[in-house]
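Heads up: the structure comes next, in structure tokens.
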Amino acid sequence: MIYDGINSQDMKYRVGPLIYMPGLRSDIAEKISGFHADGAMSAAICLEDTIKDSMVEEAEHNTALQLQRLGEMIKNGSADPERLPLIFIRVRTPEQIERMISLPGADVKYLCGFILSKIDDETICGYSSIIEKISEQCEKHFYYMPIIENPSLLELKTRYDRLSRLKEKLDDIGEHILNVRVGGNDFCKALSLCSSITQTIYDFFPVANLLSDISVTFSSDYVVSAPVWNYFGSPSETLWKQGMRREMVSDNAMGFFGKTVIHPVQINEVIENMKVSREDFDDARLILGTGDNDMQVIKGTAGNRMYEHKVHSGWARKILSAAEIYGIKECCEECVQ
1 MIYDGINSQD MKYRVGPLIY MPGLRSDIAE KISGFHADGA MSAAICLEDT IKDSMVEEAE
61 HNTALQLQRL GEMIKNGSAD PERLPLIFIR VRTPEQIERM ISLPGADVKY LCGFILSKID
121 DETICGYSSI IEKISEQCEK HFYYMPIIEN PSLLELKTRY DRLSRLKEKL DDIGEHILNV
181 RVGGNDFCKA LSLCSSITQT IYDFFPVANL LSDISVTFSS DYVVSAPVWN YFGSPSETLW
241 KQGMRREMVS DNAMGFFGKT VIHPVQINEV IENMKVSRED FDDARLILGT GDNDMQVIKG
301 TAGNRMYEHK VHSGWARKIL SAAEIYGIKE CCEECVQ
């Protein structure tokens, strides 16, 4: 499998662009096996917002069938397990995790884990007990990615306390958490907001302020992924790409890493913007290479930045991890503006 032998500290940076597909699609196995051609790092089969409430059971059984088909494709050589993306199922409820693992025919061998929807300090409790139960009873280790998207967190009067409680409860199951994800569309929906192609989610200050609070709460201990960009088009079009690039600059400034995507044409754009600059890469190596030196103040390789080893070593490790996975861009930072 693509993540065999990769430790969780490294793999948390490998989720990268996460592409969604509805659990009712009849071609999920084929799509997943061919995503490597689009550069996909991870894929999610969605059983939540993309599925009507009346069709959830049908979507569950179809997802199990598609996982079984994927396993058969790997056995007969028509799919390469080494080229599969990290595969997740986005669930509605804690109980749905148990159902998906136990559904007849579901081949969970190639399933990386589950995405937990509409998470806040209350909804996480039901998931925590299920996660611990599955960890004790199932031989396979699953990873989990909670999505902080519950509009209840928009309430200013209780926001800080609720985020703090959520962090404490996530820490209790922290060994199972691969990424923390952020769902900006649910927050915008609650405020009746919708961005245009020339705006980013950070132009909506009520939402941006909440995203900042989420980053402050979780980014020191978890990789937190940025919200989805809602626009796409042909590979030759530029307007949606320019908007996505602007938003990803702000994603980075917010401390987010990785991004949810809704169309394959967005994948390479995300990966390109996750590459690190040559200057950042060289400076990161310099910082980590001077840890044993008496002098803990370091001038950057271009001679225009100053670093302190104790202050910037965490950033440097993140930069080197990103460079190993996504590569180095040789152009200046203005190229992605």
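Numbering (the working numbering), first residue to last: 1 to 337.
For every residue, glycine included, the Cβ atom is placed at its ideal position computed from N, Cα and C.
Here the structure is a predicted model, which is why all the values come from computation and not from measurement.
Fewer than three beta-carbon pairs drawn from the region 24-35 and the region 96-108 are found closer than 8 Å, and the two stretches are therefore not classed as touching. Excluding residues up to 5 positions away in sequence, Ile197 lie with their Cβ nearer than 7 Å to the Cβ of Leu239 in the same chain. In the three-state DSSP reduction, Val224 falls in the strand class (E or B). Residues of the same chain with a CB within less than 8 Å of the CB of Ala40, apart from the 5 flanking positions on each side, are Pro17, Ile19, Pro85, Pro264, Ile267 in chain order. The beta strand (DSSP E) runs lying completely inside the region 158-187 and spanning 3 residues or more are 180-182, given in chain order.
Tyr143 is positioned such that its CB atom lies closer than 7 Å to that of Cys112. For Glu308, the enclosing beta strand (DSSP E) stretches over residues 306-308.
Take the alpha-carbon of Glu308 and the one of Ser219: they are about 20 Å apart.
Per the C-alpha coordinates, the member of Asn76, Cys188, Tyr13 positioned closest to Ser33 is Asn76. The alpha-carbon of Lys31 is positioned some 12 Å away from that of Ser78. Annotation for Met41: no beta strand (DSSP E) segment contains it, and DSSP assigns it neither H nor E. Considered as a whole, the region 240-301 harbours 265-274, 278-288 as its complete alpha helix (DSSP H) runs of no fewer than 4 residues, in chain order. For Pro22, the pairing in a beta bridge is given by DSSP as Cys46. Excluding sequence positions up to five before and after Phe114, its CB lies within less than 7 Å of the CB of Phe88, Ile89, Val91, Ile97, Phe142, Tyr144, all in the same chain and listed in chain order. Taking the C-beta atoms as reference points, Glu269 is found no nearer than 7 Å to Lys310. By the Cβ-count criterion, Glu122 is exposed, with fewer than 16 other Cβ atoms from all chains shown falling within 10 Å of its own Cβ.
The beta-carbon distance between Asp280 and Ile319, rounded to whole angstroms, is 5 Å. This is short enough to meet the 8 Å contact definition. One Cα belongs to Met248, the other to Phe232, and the distance between them is close to 14 Å. Under the three-state reduction of DSSP, Val91 is assigned to strand. In the DSSP assignment, the residues bridged to Lys329 are Ser277. Straight across, the Cα-Cα distance linking Gln68 with Asn209 is about 43 Å. Shown here, Tyr143 sits in a strand according to DSSP, grouped into three states.
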